[in-house]
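Protein chains in written order, with our numbering: chain A, 59 to 424; chain B, 59 to 424; chain C, 59 to 424; chain D, 59 to 424.
Using N, Cα and C, we set each Cβ at its ideal position, and we do this for glycine too.
Reviewing the structure listed below.
Protein chains: 4
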Amino acid sequence: MSDSSIGKLFRVTTFGESHGKGIGCIVDGCPPNLGLTEADLQPDLDRRKPGQSKFTTQRREPDEVQIFSGVFEGKTTGTSIGMIIHNTDQKSKDYSNIMDTFRPGHADYTYHHKYGNRDYRGGGRSSARTTAMIVAAGGIAKKYLAEKEGIQIRAYLAQMGNVKAEKIDFSEIANNPFNCPDVDKVADMEALITQLRRDGDSVGAKITVVASNVPVGLGEPVFNELDADIAKALMSINAVKGVEIGAGFDSVMQRGSEHRDELFPDGFASNNAGGILGGISSGQDVVASLALKPTSSITKPGNSIDIHGKPVEVVTKGRHDPCVGIRAVPIAEAMLAIVLMDHYLRHRAQNADVSVATPAIPARRG
Amino acid sequence: MSDSSIGKLFRVTTFGESHGKGIGCIVDGCPPNLGLTEADLQPDLDRRKPGQSKFTTQRREPDEVQIFSGVFEGKTTGTSIGMIIHNTDQKSKDYSNIMDTFRPGHADYTYHHKYGNRDYRGGGRSSARTTAMIVAAGGIAKKYLAEKEGIQIRAYLAQMGNVKAEKIDFSEIANNPFNCPDVDKVADMEALITQLRRDGDSVGAKITVVASNVPVGLGEPVFNELDADIAKALMSINAVKGVEIGAGFDSVMQRGSEHRDELFPDGFASNNAGGILGGISSGQDVVASLALKPTSSITKPGNSIDIHGKPVEVVTKGRHDPCVGIRAVPIAEAMLAIVLMDHYLRHRAQNADVSVATPAIPARRG
Amino acid sequence: MSDSSIGKLFRVTTFGESHGKGIGCIVDGCPPNLGLTEADLQPDLDRRKPGQSKFTTQRREPDEVQIFSGVFEGKTTGTSIGMIIHNTDQKSKDYSNIMDTFRPGHADYTYHHKYGNRDYRGGGRSSARTTAMIVAAGGIAKKYLAEKEGIQIRAYLAQMGNVKAEKIDFSEIANNPFNCPDVDKVADMEALITQLRRDGDSVGAKITVVASNVPVGLGEPVFNELDADIAKALMSINAVKGVEIGAGFDSVMQRGSEHRDELFPDGFASNNAGGILGGISSGQDVVASLALKPTSSITKPGNSIDIHGKPVEVVTKGRHDPCVGIRAVPIAEAMLAIVLMDHYLRHRAQNADVSVATPAIPARRG
Amino acid sequence: MSDSSIGKLFRVTTFGESHGKGIGCIVDGCPPNLGLTEADLQPDLDRRKPGQSKFTTQRREPDEVQIFSGVFEGKTTGTSIGMIIHNTDQKSKDYSNIMDTFRPGHADYTYHHKYGNRDYRGGGRSSARTTAMIVAAGGIAKKYLAEKEGIQIRAYLAQMGNVKAEKIDFSEIANNPFNCPDVDKVADMEALITQLRRDGDSVGAKITVVASNVPVGLGEPVFNELDADIAKALMSINAVKGVEIGAGFDSVMQRGSEHRDELFPDGFASNNAGGILGGISSGQDVVASLALKPTSSITKPGNSIDIHGKPVEVVTKGRHDPCVGIRAVPIAEAMLAIVLMDHYLRHRAQNADVSVATPAIPARRG
């Protein structure tokens with residue numbers, strides 16, 4: 059079983075490995091009459107794609123998405139949208155040496171035992187290349203949510219190793235190659251990447267993603283809460299090891315009197331909840347963070363075994379990112395967009411039967 | 059839309075509020091011929107239920123589960139299992155005063171706006187009472203996994219506020235009312251609860267849940283990875299604000315050379331991955347942690363608004379837990395059991411087509 | 059695997075056997091604020107239940123449904139609705155004799171081999187008793203659709219053996235114990251049942267179910283068409299062996315010029331399509347028919363084998379219906395209601411993005 | 059919402075219209091290590107594709123399927139399989155005249171009202187061209203089932219208008235352009251098609267599809283029975299208006315003593331059940347029939363309205379099949395294969411817990 063789908067009403071199903079003919083996805087459930095062309099999706103794909111700066115892998119993949127179906131005369135028809143990106147820059151020989159080896163920290167070992175038939179080229183299906191289709195699919199959701207509800211979804215690199223963004227200025231994110239919102243930390247991040255390159259090593263990262271103007275009421279009360287689906291979507295991104303909503307793990311140390319976000323006629327006084335109460339959006343910003351592990355694809359030698367159980371030393375050649383968190387920023391945005399889109403459509407299925415006299419309070423005070 | 063289901067092949071669907079006739083669930087997909095009686099499920103229900111010690115709420119609910127169907131002559135038939143727990147101790151009057159008020163930190167506000175029809179008694183569907191059925195359903199999964207594969211699932215309170223367990227001794231968990239694995243921290247936890255009672259306040263907690271003897275190969279490669287489904291299941295537990303797999307957020311500071319778990323013929327050298335590589339179980343212990351927020355049901359006054367938007371002061375009476383993490387320990391076990399059971403059955407659907415010459419390495423070294 | 063669920067947004071999951079503590083279901087996805095009490099559901103349950111006339115089984119089951127959750131102060135809350143019917147009249151001894159025998163035409167043989175653990179009492183999970191919960195769940199859908207859209211769903215016995223209704227007068231259906239719309243055929247049906255009783259035999263039947271005032275646009279274009287989901291739902295009713303939409307199998311002999319329903323400004327000229335074009339409702343009456351096999355529970359001896367493979371003669375004692383089609387009429391209505399409700403909610407999820415200048419034409423001409 | 063998916067464990071999701079860049083599908087859930095190349099799938103695609111004889115449409119579409127992913131070194135990897143067929147022969151101008159017109163019997167009217175944005179070229183998503191991907195996906199299921207269990211799935215044209223096959227000789231099906239198993243009726247079918255061409259008309263058809271060597275135990279007891287899923291899958295094929303299992307609508311006239319298939323130690327005495335009892339396969343041949351309506355794409359003028367509600371006369375030009383049943387034969391096989399494959403994998407998820415002493419009886423007697 060593979061089960062490469064996410065979402066219930068806005069459903070994204072993907073296929074493809076890093077070294078096949080290409081990768082693709084089907085976006086099923088996008089409402090009709092949304093203006094859509096490839097040009098709407100390409101910018102986020104370009105943000106994700108390799109080779110954008112000297113701080114990420116130097117692989118070059120044009121990553122040009124083609125829409126095969128579901129769009130007619132520039133507008134979605136309401137039927138399934140098929141999209142393809144052809145694979146181009148494939149250096150299979152880079153990988154032939156690890157054909158019989160399990161790279162530590164990679165999925166080689168688990169794929170080998172689960173399937174007994176592993177596409178060893180670039181990690182096959184476990185390659186982060188598959189996230190390109192998430193970004194393409196998420197781009198449709200982002201455009202729809204922005205046009206319908208003015209929902210804006212933005213992510214940034216909150217931390218790289220020990221370098222932590224302190225000032226969160228969204229206008230700075232695009233001004234540096236790290237998607238860092240704190241202009242004062244850019245030099246430190248640059249220095250860290252340079253050091254990692256020298257060491258043949260890598261480092262982890264923390265990304266924070268924020269959705270603004272989310273309407274009140276998205277999410278189901280049990281099992282399919284908005285936060286539960288966000289946690290699943292973000293955890294399903296390659297290399298993610300942790301997910302937080304709002305205050306996240308800081309809640310462990312908080313008192314109830316401190317954590318609970320008090321309400322006032324002019325808005326909530328704080329947002330420890332991360333915009334979600336009882337699994338349902340409150341109208342405040344939806345705030346989630348994710349922890350990404352340092353990539354295991356490093357040139358520093360490591361111990362492992364081969365498929366025959368014999369010990370081997372592994373040095374991962376090829377062209378890899380010292381910090382996968384940088385390129386993961388648009389992926390996090392896309393994933394959150396897919397989840398919000400799904401719950402937005404779910405909510406519309408029942409919302410017509412709800413009338414509430416009092417309006418929702420503003421997202422923020424004063 | 060409600061969508062109160064979790065799981066694909068082992069599917070649990072629940073109903074019930076804290077103050078209706080009762081709560082129940084349907085466990086669909088349990089294989090036939092598993093020995094099962096109510097007595098198998100009651101112990102975990104008793105661990106979760108209120109009034110077990112002076113450190114939790116003094117509400118008394120017998121929480122006696124009844125199996126209505128799917129079991130014949132003491133064995134599962136392979137058809138859907140219906141279970142019921144009748145509600146008994148219902149002090150509706152405790153809640154009448156907040157009928158028109160949104161308690162800060164609660165789902166009152168979001169339910170009001172989502173549904174326009176809120177069962178204000180004890181939080182209705184958002185009540186943690188609904189987790190009793192999760193424990194009952196998870197008990198079936200736990201029994202099955204233990205009998206078939208020797209899988210053992212155990213959780214403990216890793217941290218309560220600033221009191222953190224350091225020695226992890228599983229044999230101590232049942233010896234104290236906090237499910238704390240570190241006997242030296244029990245006194246501190248007791249002191250903290252006493253202080254919180256005095257302050258009319260509450261505190262957050264961190265729970266860690268561990269599954270041993272999990273076979274290699276559980277999990278799908280994309281979107282429905284084992285870690286993604288664990289994240290969703292754990293985040294869907296009331297009050298959870300964060301989820302970690304293995305090293306979790308510590309990965310942010312790690313180097314790749316440190317994080318990657320090296321492989322040796324006699325096992326993995328470490329378990330930063332938390333037993334999951336590329337979304338698929340590696341045979342090591344599956345380790346997950348969750349952050350629970352401090353309950354907002356405290357007697358300390360807080361600011362809020364009523365359903366007419368007017369400011370009010372809220373004091374949550376009723377009988378509540380100063381630290382919901384204590385009773386959430388069996389819930390975390392049940393949720394992990396449900397996810398592992400689901401992926402175990404998924405894996406069986408394809409595993410017959412896999413033959414791997416080399417055996418999996420032992421979960422641990424030496 | 060059991061998978062006792064139907065529907066995507068309006069999802070019904072059932073449990074229960076004819077001889078357990080009781081049967082039940084969870085209706086998940088009913089919008090909030092629908093007025094609902096047990097009294098709304100009981101009438102259809104009474105139409106289905108045994109012992110209503112001398113022409114059906116004389117078993118007596120009060121079949122009183124209890125709503126456990128999801129309704130507050132007489133209105134649905136939008137959360138999952140749990141319902142229970144306790145089993146009462148259980149003559150287990152009636153069945154003990156067939157404990158080791160496979161009754162021909164029954165599910166005994168397939169259950170034995172699929173599960174290896176068969177609840178032989180009254181067919182266990184394969185008992186038509188399970189359809190009581192379908193009627194209860196369908197009753198919620200019927201009430202919702204009637205109140206929101208004026209959709210009316212009515213079924214009738216179109217044929218019993220060789221006795222075929224010719225005049226279709228909906229006002230006659232409730233006036234006879236056969237749910238027959240043709241008053242002139244009631245005597246023939248009565249005579250046929252009497253003859254079957256004498257012969258210790260049974261006969262098949264055809265039911266037609268019609269939904270009026272269905273809006274245009276329900277159904278998905280591929281795989282999840284409205285007609286595909288109706289076919290699945292109706293075929294899943296016990297004893298059903300065939301399903302038709304509109305002209306059904308008569309289409310085989312028709313010419314295209316005859317079958318296609320011409321359109322005029324004042325409506326469609328005919329309804330061979332049964333109200334569904336390209337899998338999507340057209341606004342005309344949705345018309346479906348189903349073929350029910352004669353029950354195999356007859357006193358006429360039949361050849362079979364026991365669980366050891368030895369030949370045996372089977373005489374099915376107990377109290378059975380000579381024609382199960384009579385009591386299946388409300389079940390067919392309930393199933394169609396469940397499917398229409400599901401697609402109505404699906405349609406609402408996207409319909410807000412559609413604006414069509416020209417109004418739909420009337421369902422019928424002139 | 060579109061929801062272009064079918065299947066739970068073996069899941070097929072399609073995209074594409076007759077006039078976009080191409081059509082495609084994702085086959086998700088195929089087990090690993092199945093030998094697979096495009097050459098395995100092309101033969102059935104060629105059976106379905108137009109222009110194969112003078113009795114079907116003269117459109118020419120190479121319909122060459124490309125496998126993009128999920129296959130490595132000639133074997134399935136167990137991950138999602140992406141397939142594409144590019145559209146080539148597109149005579150859009152053929153359709154421009156019906157841009158504003160609703161062709162009677164077509165989905166034009168319902169698509170217009172459902173989506174408000176209709177791809178009028180060749181019916182867009184409602185085009186039977188989309189069935190090419192069903193055939194490709196079904197080809198994978200057919201190959202798997204044949205190799206694992208020796209399951210053979212064969213369909214034939216049982217009736218075209220008033221010409222009915224009487225002798226069912228599977229070896230004759232491939233010997234004539236009609237997929238007719240009765241050599242004596244081929245001339246009549248040829249004469250009928252010639253007459254239809256002369257009349258500018260079309261006719262309906264009945265197809266029967268048979269699966270041999272199906273193991274006992276496939277299917278769920280309630281809602282997701284094998285017959286229910288077959289009914290859904292077959293009804294979802296374009297132009298299908300009815301589905302039968304086994305005796306189907308003939309059951310209406312049968313007595314229970316006649317319909318019930320008696321069991322003997324050496325097999326079942328008959329197969330009125332069509333190989334399915336209680337929704338679960340019995341080991342006998344699974345037999346299903348489907349009724350296809352006559353295509354509405356005929357040159358005989360018909361009355362309709364345009365999108366402004368004005369009356370128009372419609373003459374459907376373009377190149378169409380006088381009897382769509384001919385080319386639908388491989389589609390019926392593919393659909394049955396997809397359903398059986400899905401239930402085969404579901405069954406494997408639980409079957410390991412079942413042990414039955416007595417072997418299943420042979421599918422047929424003596």
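For Tyr202(D), no CB of chain A lies under 8 Å from its own CB, so it is not counted at the interface with that chain. In chain D, no part has a C-beta under 8 Å from the C-beta of Gly181(B); the shortest such distance is about 32 Å. Under the three-state reduction of DSSP, Asn329(D) is assigned to coil, being neither helix nor strand. Taking 8 Å as the CB threshold, Pro108(C) stays off the interface with chain D. At a cut-off of 8 Å, the C-beta of Val274(A) has a neighbouring C-beta in chain B. Gly80(B) sits close to Phe126(C), with the two beta carbons spaced by under 8 Å.
Residues of the segment 213-230 of chain B that bring their beta carbon within less than 7 Å of a beta carbon in chain A comprise Gln217, Gly219 and Asn220, in sequence order. Pairwise C-beta distances place the segment 225-233 of chain A out of contact with the segment 283-294 of chain A, as fewer than three of them are shorter than 8 Å. Note: Ser60(C) is not bridge-paired with any residue in the DSSP secondary-structure output. For Phe160(B), the neighbours in chain A by C-beta distance under 7 Å run, in chain order, Leu321. Closer than 7 Å at the C-beta level to chain C, one finds these residues of the segment 280-310 of chain D: Val280, Phe281, Asn282, Glu283, Asp285, Ala286, Asp287, Ala289, Lys290, Met293, Ser294, Lys299, Gly300, Val301, Glu302, Ile303, Gly304, Ala305, Gly306, Phe307, Ser309 and Val310. Scanning its chain for C-beta atoms nearer than 7 Å, with the 5 sequence neighbours on each side dropped, one finds around Tyr167(A) the residues Phe160, in chain order. Within the segment 354-370 of chain B, the residues whose Cβ lies closer than 8 Å to any Cβ of chain A are, in chain order, Ser354, Ser355, Ile356, Lys358, Gly360, Asn361, Ser362, Ile363, Ile365, His366, Gly367, Lys368 and Pro369.
With respect to chain B, the C-beta atom of Val261(A) has a partner C-beta closer than 8 Å. Proximity to Leu403(B) across His317(B), Ala194(B), Ile251(B) and Ala199(B) peaks at Ala199(B), based on C-alpha coordinates. Interface annotation for the segment 405-422 of chain C against chain A: Arg406, Ala407, Gln408, Ala410, Asp411 and Val412, criterion Cβ-Cβ distance under 7 Å.
The alpha-carbon of Asn361(C) is positioned some 51 Å away from that of Gly208(C). By the neighbour-count criterion, in which 16 or more other beta carbons inside 10 Å mark a residue as buried, Ala190(D) falls on the buried side. Listed in chain order, the non-local C-beta contacts of Thr114(A) below 7 Å within the same chain comprise Pro108, Asp379, Ile384 and Arg385, local neighbours out to five positions each way being set aside. Where His366(B) is concerned, there is no enclosing beta strand (DSSP E), because DSSP gives it neither an H nor an E. Leaving aside the five residues that flank Gly87(B) on each side, the residues in its chain whose CB is nearer than 6 Å to its CB run, in chain order, Leu67, Phe68 and Arg69. For Lys351(D), a Cβ of chain C is located within less than 8 Å of the residue's own Cβ. Contact annotation: Leu276(A) and His164(A) have beta-carbon atoms that are not nearer than 8 Å.
Within 10 angstroms of the beta-carbon of Gln312(B) lie 16 or more other beta-carbons, which makes it buried.
Beta-carbon to beta-carbon, Arg212(A) and Val268(A) are separated by about 6 Å, close enough to satisfy the 8 Å threshold. DSSP places Ile251(A) in the uninterrupted alpha helix (DSSP H) bounded by Val244 to Asp257. Residues of the segment 131-144 of chain D whose Cβ lies closer than 7 Å to any Cβ of chain B, in chain order: Gly136 and Thr137. For Gly140(A), the beta-bridge partners assigned by DSSP are Ile84(A). Residue-level contact by beta carbon fails for Thr252(B) and chain A, as no gap is shorter than 8 Å. Nearest CB-CB separation between Asn271(C) and chain A: not below the 8 Å threshold. Closest option to Pro239(D), judged by alpha-carbon separation, among Glu316(D), Val387(D) and Ile84(D): Val387(D). Inter-residue distance for Arg187(A) and Ser309(A) is about 35 Å (C-alpha atoms, whole angstroms). What Ser60(B) touches in chain C, judged by beta-carbon distance under 7 Å, is Asp86, Gly87, Gly136, Thr137 and Ser138, going in chain order. Within chain D, the residues placing a beta-carbon under 8 Å from that of Lys264(C) are Phe307 and Val310, ordered along the chain. Of Gly132(A), His144(A), Lys133(A) and Pro273(A), the smallest CA-CA separation from Gly82(A) is found for His144(A). Residue pairing by DSSP places Val344(D) opposite Ala269(D) in a beta bridge.
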